[in-house]
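Visitor: Protein sequence lines, in the order shown, are assigned to chains A and B.
Heads up: the first sequence at position 29 corresponds to 1346 in our numbering, and the numbers run straight through without jumps.
Heads up: the second sequence at position 71 corresponds to 84 in our numbering, and the numbers run straight through without jumps.
Glycine included, each C-beta is placed from N, C-alpha and C at the ideal position.
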Amino acid sequence: MRSKLYVCGFLSIAVVTVALLATQKARASGAAADQTVEVKIDNFSFSPKTLTVTPGTTVKWTNRDDIPHTVVSDDKVTFKSKVLDTDDSFSFTFTKPGTYDYFCSLHAHMTAKVVVQ
Amino acid sequence: MANDDRDRITLDQNHDGIDRRGFLKCMAWAGTGTLCVIQGGILKSYAFGAELPPEATAGELAFAQISDSHMGFNKPANTDVVSTLKAAVDKINALPARPEFLLHTGDISHLAKPEEFDTVDQILKSAVAKEVFFVPGEHDVAGDEGARYFERYGKSSQGAGWYSFDKKGVHFIGLVNVMNLKAGGLGTLGPEQLAWLEKDVQSLGGSTPLVVFAHIPLWSVYPEWGWGTEDSAEALALLKRFGSVTVLNGHIHQTMQKVEGSITFHTAASTAFPQPEPGKADSPGPMKVPAEQLRQFLGITDVNFVRGQHVLAIVDSRLG
């Protein structure tokens, strides 16, 4: 009789714990998925030059310079914006952890990175 | 100042007929509206607008270079690049020695849009020189790896748009150093183009004058701002045996010259907007100047070749 009670108690605690954890995880990834972080392009540079975000974050680059720029990952495949004139934007959602080096394909000396962790 | 004996400097330390110190001194004057004419190593300076004697203008071949028209640009540095390009064409049409053709060293357009290329083509139609040779700038090939540029200007070119042609015994080579730029890099020619260049000049005698034109400077002007070409040394090594090599570039929106052995490097002013001198600003963006001064910072380049003289006469003129 007692053991049954203990098992019930244990099970209910376990269920509640799992439920709590599940909610927390949902909340955590929900926050990252909703989050957009801005990078400003101006004076031939990206700021911030190194941006650290959590997986699921969307990064939005906006060109405030008076000259067009692009946002292209070093491998030229992972992400690649069209040519951004003044006030144009480009967004990319980072899902996998890692370091993503990128540059402006028009002015190759303009480099920066996004660190996803 | 003009035609003063002090201006006829004839130091010839390297015994190659080129007076470098005088050359550099003359270049310092050029910004104030003086024309520097180099013929066979002898420098003469003329106040802008002065009557140029025949030997300064006569030659076997005359052509003009324009650059960086950035059609489509409309920010404060110049809200009317159409007018300044038209002023450049007027300047070309008023040159004492009529140019046979034009070289446009790139950034024809600002955003590689068809209507931007159309507008430039339209404006250049009223130049006395009917033939125009182009090489692309990074703006011309942006966004589509140059598809729109090459469809319009690259039909008779090799690989990614390089080519050569001859005019009156002078061999012209158009190079492309704005494709496939790598992160953190400078301009690049690439192995395929270098191999083509080697073959292209192979059968030419060393006395054949060469004119090489490309958008980004083929010498290291200011690497911090990307003003240079990574593998230009390899290209120039292929041209070392030639007695007269003139390299014409754009991209930096200001005139600059350098002489190295038998190679004369020259960059042209833009017809759209000026950029700061190396290191004189945070970044190499459009430089705003008082509206009434803008045309002093824009210009064209007139080039004359006189047979027997191994240095081409290169004259920069401002638009205002």
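#1: Given a limit of 8 Å on CB to CB distance, which residues of the segment 144–165 of chain B reach chain A?
#2: Using 8 Å as the limit for Cβ to Cβ distance, is S1422 of chain A near chain B?
#3: With DSSP collapsed to three states, give me the class of Q78 of chain B.
#4: How do the segment 303–314 of chain B and the segment 1366–1377 of chain A stand: do at least 3 beta-carbon pairs fall below 8 Å, yes or no?
#5: In three-state terms, what does DSSP make of E113 of chain B?
#6: Can you tell me whether DSSP reads F278 of chain B as helix, strand or coil?
#7: How would you list, in chain order, the residues of chain A whose beta-carbon sits under 7 Å from the beta-carbon of A196 of chain B?
#8: Are the segment 282–297 of chain B and the segment 245–255 of chain B in contact at 8 Å, needing three or more beta carbon pairs?
#9: Let me check understanding here. Comparing Cα to Cα, which of B:G150, B:A90, B:L124 and B:V191 lies closest to L116 of chain B?
#10: Kindly identify the DSSP beta-bridge partner or partners of F1363 of chain A.
#11: Closer than 7 Å, Cβ to Cβ, to anything on chain A: give me those residues from the segment 292–314 of chain B, in chain order.
#12: Exposed or buried, T277 of chain B, counting other C-beta atoms within 10 Å across all chains shown (16 or more means buried)?
#13: With a cut-off of 8 Å on the beta carbons, I'd call A77 of chain B and V316 of chain B a contact; round off their distance for me.
#14: Cutting at 7 Å between CB atoms, please list the residues of its own chain near F318 of chain B, excluding the five before and the five after it.
#15: How far does the alpha helix (DSSP H) with W1378 of chain A in it reach, from first residue to last?
#16: Rounded to whole angstroms, what's the CA-CA distance from V145 of chain B to L1423 of chain A? Just pull it up for me.
#17: Within the same chain, show all residues whose beta-carbon is closer than 7 Å to that of G85 of chain B, passing over the 5 residues directly before and after it, in chain order.
#18: What whole-angstrom Cβ distance do G263 of chain B and D103 of chain B have, given they're in contact under 8 Å?
#19: Rounding to the nearest angstrom, what Cα-Cα distance links E211 of chain B and S220 of chain B in this structure?
#20: Below 8 Å between beta carbons is the criterion; list the residues of the segment 205–239 of chain B that meet it against any residue of chain A, in chain order.
#21: With burial defined as no fewer than 16 other Cβ atoms inside 10 Å of the residue's Cβ, what is the status of A1425 of chain A: buried or exposed?
#22: Mind listing the chain B neighbours of T1387 of chain A? Cutoff is C-beta to C-beta under 8 Å, in chain order.
#23: Can you pull the chain A neighbours of L124 of chain B, defined as C-beta to C-beta under 8 Å?
#24: R331 of chain B bridges to which residues according to DSSP?
#25: Would you list the one or two residues that DSSP bridges to V1432 of chain A?
#26: Could you name the residues of the same chain whose beta carbon sits closer than 7 Å to that of D1391 of chain A, not counting the 5 residues immediately before and after it, in chain order?
Guide: From the atom records:
#1: E151, H152, A155 and G156
#2: As a first step, residue 1422 of chain A must be located in the first sequence, where it is residue number 105. At least one chain B Cβ lies under 8 Å of S1422 of chain A.
#3: Here residue 78 of chain B refers to the residue found at position 65 of the second sequence. Looking at Q78 of chain B - three-state DSSP - the assignment turns out to be strand.
#4: no
#5: Along the second sequence, one-based indexing puts residue 113 of chain B at 100. DSSP places E113 of chain B in coil when its eight states are reduced to three.
#6: On the second sequence, position 265 is the one that residue 278 of chain B refers to. Three-state result, F278 of chain B: strand.
#7: On the second sequence, residue 196 of chain B is found 183 positions in, with the first residue counted as 1. By Cβ distance, chain A contributes D1391, D1418, F1420, A1425 and T1428.
#8: no
#9: Along the second sequence, one-based indexing puts residue 116 of chain B at 103. Per the Cα distances, B:G150.
#10: In the first sequence, counting from the first residue as 1, residue 1363 of chain A sits at position 46. Per DSSP, A:I1358.
#11: D295, S296, P297, G298 and P299
#12: In the second sequence, the residue the question calls residue 277 of chain B occupies position 264. It counts as buried.
#13: Numbered from its first residue, the second sequence carries residue 77 of chain B at position 64. Numbered from its first residue, the second sequence carries residue 316 of chain B at position 303. Yes, A77 of chain B and V316 of chain B are in contact; Cβ-Cβ is about 7 Å, under 8 Å.
#14: Counting from 1 along the second sequence, the entry for residue 318 of chain B is found at position 305. Taken in chain order, the residues that qualify are G72, E73, L74, V183, P222 and L325.
#15: For the purposes of this step, residue 1378 of chain A is identified with residue 61 of the first sequence, where counting begins at 1. Run containing W1378 of chain A: none in the alpha helix (DSSP H); it sits in the beta strand (DSSP E), T1374 to N1380.
#16: Working through the second sequence from its first residue, we reach residue 145 of chain B at position 132. Working through the first sequence from its first residue, we reach residue 1423 of chain A at position 106. Spanning the two alpha carbons is a distance of roughly 25 Å.
#17: To locate residue 85 of chain B, count along the second sequence from 1; it is residue 72. Answer for G85 of chain B: S122, H123, L124, K126 and E129, listed in chain order.
#18: What you label residue 263 of chain B is simply residue 250 of the second sequence in a count that begins at 1. What you label residue 103 of chain B is simply residue 90 of the second sequence in a count that begins at 1. That pair is no contact at about 20 Å.
#19: Counting from one through the second sequence, the residue named residue 211 of chain B turns up at place 198. Counting from one through the second sequence, the residue named residue 220 of chain B turns up at place 207. Roughly 17 Å separates the two Cα atoms.
#20: P236, E237, W238 and G239
#21: Along the first sequence, one-based indexing puts residue 1425 of chain A at 108. Buried.
#22: Indexing the first sequence from 1 puts residue 1387 of chain A at position 70. A155 and G156, listed in chain order.
#23: If you number the second sequence from 1, residue 124 of chain B lands on position 111. By Cβ distance, chain A contributes P1385, V1400 and D1402.
#24: Numbered from 1 along the second sequence, position 318 holds the residue referred to as residue 331 of chain B. According to DSSP, which records beta bridges pairwise, R331 of chain B is partnered with B:G312.
#25: Mapped onto the first sequence, residue 1432 of chain A falls at position 115. According to DSSP, V1432 of chain A bridges with A:T1369 and A:T1416.
#26: Here residue 1391 of chain A is taken as the residue at index 74 of the first sequence, counted from 1. Excluding sequence neighbours, D1391 of chain A sits near D1418, Y1419 and F1420.
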